[in-house]
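Take a look at the structure set out below.
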RNA sequence: UGGGGCGUCGUCUAAUGGCAGGACACAGGAUUUUGGAUCCUGACGCGGAGGUUCGACUCCUCCCGCCCCAGCCA
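Numbering (our numbering), first residue to last: -13 to 555.
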C-alpha cells in the first residue's frame, strides 16, 4: 500500500509509524508482535492489544508475530498456549509460521549475558532477595551498591557458568546488570537478569536451572525477531530506558517501543490476579463462564469476533488512562447481531392463552420473516393453534400508564398471526393467574386488520402443542458497581461487589419448534427479548441458550423511571 | 516527596495556530407487524492562572489533579 491510498493515521502510534516510513528508519518495514505470557486466558483487554498489534502490521503491509514470553516456568502451561492460539484465530488474526517463544532464545540470551559480563556490564551477586531489596533504596533515596558488584570479569564468568551448571542452590545467586544504583528510574538500579530456579519448563524441560527475567528477555526477543515497533502498555514506559541500555550495549537491532493505555471496562475486572481469584474461589463456573471478560467466555456468551473487533476499533488508542463504558461493548454486539442473527420466537416465562373462538384441533402454518434486516434470509412457517403461550410480562391485570401490552378487554397483535382480545382471566386458589381467555379476529390473519384498526403492541408467542422446551441462562453484568474496586468497608475488595443476580437460570422456556435444530454456537434473536446463543451443551431435545445481550428496551426504561418516581414521591 | 506518564462533553476519542467534530450514553420526536432496527433533533466539554499571538485545545511559564515504578512476576 502506498501512502496516497491509505486512510489517515488513526492514532498516535500510526503517526509515529508513518513518520518512520517517511524517514526510512526501518527501511520501510513494519513488523510487530503480540507477546503474551502463557499463564492465563486472553481477555477483552488483550483483544485491544491484538487488534493494535495485528491491525497496524496489516495496515502497513507488514506482519505480526505471535511470541510467547515464557520466562517463568513456575506459572506457565501448555493449556494456556493452546487457548491463546485458539482465541487469536477466533478473533480473526493469523500469524502463519511466525510462532515464537522467548525460550527459543535462551541460548542466545545466555551468550549475550556472557558478552555483558566480559564488557564489565554484568555481575554475579550473592545477596539474598531480601538484601537486594534493601540495597535497592526507595523511590526517594538512592540504592547502595552490592559488595559483590566489583568482582573480576573472570570470577563473574566462572560463577555464571557454574550457575548454569547447577552448582548453586535456588535463589543463592543472580546475574545483575551493572548500571546505576542511584538512578531515579528504579529499573536501572542493577536489575536482575538471571535467577536460579529448578523448575521444569513447559518447553525446555529441565535443560536449564537458570531463567532470564522478563526485562532481560523481552527487548532482545523483539530484536532477534527484527521487530520494528514494539507496542505495549503504559506500565512498561519506565522499562524502555533499560531495554534501550541492553540493546545499545549489545549493539543489536533496536526496535522502537511505543506504549499505549491498556483497556479498562466499567462493571468489569481485567487483572489476571482477580480473574484467577474468581475462578479459584468458584464465584463463577470457570474461565469460560459467560460472565467472564475472557475471550473464551465471550465466545460462549455469543459475542462475535466482528463485534469485538469493531469495539476495539471504536475505542481508539491513546496514552490517557481510561475506562470504557461496557455499554459501548454491548452496543457493538447488538449492532453486529442485529444484522446477522435470525429472528425466532421464544417465551421465557410462559403464560397460557386459550383462544376461545379458535377451532379445537386446528393448526395453521403462518409465514414469519427470518430477519427483517436481511431480505435474503427468507421466511419460515410457524405453527399456530388454539392454545398458546405468551410472555408473563406481556399481560397486566391492571396495566400501568403507557403499558401497551395485553390487559383485560384490550386487543393486541400476535406477531405474524392474529389480533387477539383478552376476555377473561383464570386464577388458581392462591389468586395467581393460570390462564388467559382470548378471542381472535379471523380477518386479521398475518397481522393486518382489513378495516385499518390499529393495536399498540405486538407480542411474541408460541403454539403450546408444538413448542419445544429449553433452558435459558440470563446473564447480566458480574458486578454491581461501575468500578468493582470501589468498596466502602476497609478490608473488603472487589468480591464484595459481585452481583448475586448476574445469572438467572430459566427452565421450561417454550420455543418455536424450529429451534430444536439449534447448533452449539448458533446466534438468534429471540424477538423482543434479546440475542441468544446456543450453548456448547445444547442438544436437540435438551436445548440450552445463553443470553448474549438484551435488546434495547424502551419500556423497561419507562418502567424504571416510574418505580424511581414512585419511590421518590 | 526521586523517576516516568496523563488531563477535551457523563464515558471514550478527534483537532497539529484559524468555526471544538465523531461514537457510546442520555433526553425528545418521526416511523415501525420486535416498546427492536432506522431516521431526525437536543443538551452537555478544552483541569486552573498568567503569557506569546490579529487569533491558543494547540506554543511558553507556573500551579492543581490523576496514573505507574521500590518482584529473583510479566
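Think of the CB as a built atom: it goes at the ideal place given N, C-alpha and C, for glycine as much as any other residue.
Counting only the same chain and skipping the five closest in sequence on each side, list residues whose C-beta sits under 7 angstroms from that of residue i.
{"i": "residue 462", "result": "485, 487, 488"}
{"i": "residue 255", "result": "261, 470, 480"}
{"i": "residue 468", "result": "252, 253"}
{"i": "residue 12", "result": "6, 214"}
{"i": "residue 205", "result": "229, 232, 233"}
Over the uninterrupted beta strand (DSSP E) stretch that includes residue i, give me the two end residues.
{"i": "residue 245", "result": "242 to 246"}
{"i": "residue 557", "result": "No statement about residue 557 is possible, as the shown extent of the chain runs from -13 to 555 and does not include it."}
{"i": "residue 34", "result": "No beta strand (DSSP E) holds residue 34; the alpha helix (DSSP H) holding it covers 30 to 45."}
{"i": "residue 558", "result": "Outside the modelled stretch of the chain, which goes from -13 to 555, sits residue 558, for which no answer is possible."}
{"i": "residue 505", "result": "Per DSSP, residue 505 belongs to no beta strand (DSSP E) and is neither H nor E."}
{"i": "residue 162", "result": "160 to 163"}
{"i": "residue 474", "result": "First-last for residue 474: undefined, no H or E at that position."}
{"i": "residue 54", "result": "49 to 54"}
{"i": "residue 491", "result": "489 to 497"}
{"i": "residue 187", "result": "Run containing residue 187: none; DSSP gives neither H nor E here."}
{"i": "residue 61", "result": "Per DSSP, residue 61 belongs to no beta strand (DSSP E) and is neither H nor E."}
Roughly how many whole angstroms lie between the Cα atoms of residue i and residue j?
{"i": "residue 280", "j": "residue 70", "result": "11 angstroms"}
{"i": "residue 427", "j": "residue 72", "result": "54 angstroms"}
{"i": "residue 168", "j": "residue 471", "result": "35 angstroms"}
{"i": "residue 47", "j": "residue 303", "result": "20 angstroms"}
{"i": "residue 216", "j": "residue 49", "result": "13 angstroms"}
{"i": "residue 145", "j": "residue 225", "result": "27 angstroms"}
{"i": "residue -13", "j": "residue -3", "result": "Because the pLDDT at residue -13 is just 49, under 50, the model does not fix this residue reliably, and the value given afterwards should be weighed accordingly. Answer to the nearest angstrom: the Cα atoms are 18 angstroms apart."}
{"i": "residue 91", "j": "residue 465", "result": "42 angstroms"}
{"i": "residue 494", "j": "residue 547", "result": "31 angstroms"}
{"i": "residue 450", "j": "residue 498", "result": "9 angstroms"}
{"i": "residue 20", "j": "residue 455", "result": "44 angstroms"}
{"i": "residue 374", "j": "residue 444", "result": "15 angstroms"}
{"i": "residue 360", "j": "residue 326", "result": "7 angstroms"}
{"i": "residue 448", "j": "residue 335", "result": "12 angstroms"}
{"i": "residue 211", "j": "residue 83", "result": "13 angstroms"}
If you drop the 5 nearest sequence neighbours on each side, which residues of the same chain put their C-beta closer than 8 angstroms to that of residue i?
{"i": "residue 429", "result": "435, 436, 437"}
{"i": "residue 106", "result": "139, 164"}
{"i": "residue 314", "result": "297, 300, 301"}
{"i": "residue 422", "result": "337, 338, 339, 340, 376, 381, 392, 408, 410, 411, 412"}
{"i": "residue -1", "result": "38, 42, 215, 217, 244, 246, 303"}
Which same chain residues, not among the five before or five after residue i, have their C-beta less than 6 angstroms away from its C-beta?
{"i": "residue 552", "result": "none"}
{"i": "residue 578", "result": "Here the chain has residues from -13 to 555 only, and residue 578 is not among them."}
{"i": "residue 459", "result": "491, 532"}
{"i": "residue 200", "result": "57"}
{"i": "residue 350", "result": "370"}
{"i": "residue 526", "result": "502"}
{"i": "residue 397", "result": "405, 407, 441"}
{"i": "residue 390", "result": "442, 443"}
{"i": "residue 538", "result": "none"}
{"i": "residue 187", "result": "59"}
Among the options, which residue has its Cα nearest to the Cα of residue i?
{"i": "residue 514", "options": "501, 401, 490", "result": "401"}
{"i": "residue 193", "options": "62, 199, 201, 183", "result": "183"}
{"i": "residue 232", "options": "209, 221, 220", "result": "209"}
{"i": "residue 518", "options": "330, 29, 454, 349", "result": "330"}
{"i": "residue 536", "options": "212, 324, 422", "result": "324"}
{"i": "residue 142", "options": "267, 441, 109, 456", "result": "109"}
{"i": "residue 505", "options": "306, 288, 340, 294", "result": "288"}
{"i": "residue 65", "options": "189, 154, 379", "result": "189"}
{"i": "residue 112", "options": "98, 124, 131, 86", "result": "131"}
{"i": "residue 121", "options": "347, 177, 101, 365", "result": "177"}
{"i": "residue 367", "options": "452, 308, 441", "result": "452"}
{"i": "residue 77", "options": "159, 263, 292, 166", "result": "292"}
{"i": "residue 556", "options": "439, 433, 155", "result": "Past the boundaries of the shown model lies residue 556; the chain is included only from -13 to 555, so the question cannot be answered."}
{"i": "residue 61", "options": "67, 93, 25, 34", "result": "25"}
{"i": "residue 85", "options": "54, 172, 273, 310", "result": "54"}
{"i": "residue 346", "options": "9, 372, 87, 364", "result": "372"}
{"i": "residue 134", "options": "124, 118, 127", "result": "118"}
Between which two residues does the alpha helix (DSSP H) containing residue i stretch?
{"i": "residue 94", "result": "92 to 104"}
{"i": "residue 149", "result": "139 to 151"}
{"i": "residue 118", "result": "115 to 121"}
{"i": "residue 387", "result": "No alpha helix (DSSP H) contains residue 387, which DSSP labels as neither H nor E."}
{"i": "residue 3", "result": "-2 to 9"}
{"i": "residue 72", "result": "64 to 77"}
{"i": "residue 226", "result": "226 to 236"}
Please list the segments of the beta strand (DSSP E) lying wholly inside the stretch 339 to 379, counting only runs of 3 or more residues, in order along the chain.
-> 350 to 355, 365 to 370, 373 to 377
Alpha helix (DSSP H) runs contained entirely in the stretch 260 to 317, provided each spans 4 or more residues = 281 to 287, 291 to 301
Segments assigned beta strand (DSSP E), at least 3 residues, entirely inside the stretch 410 to 436 | 419 to 426
Enumerated in chain order, which unbroken segments of the beta strand (DSSP E) with a length of 3 residues or greater are wholly contained in the stretch 517 to 553?
-> 529 to 536
Counting only runs of 3+ residues fully inside the stretch 433 to 460, write out the beta strand (DSSP E) ranges in chain order.
-> 447 to 449
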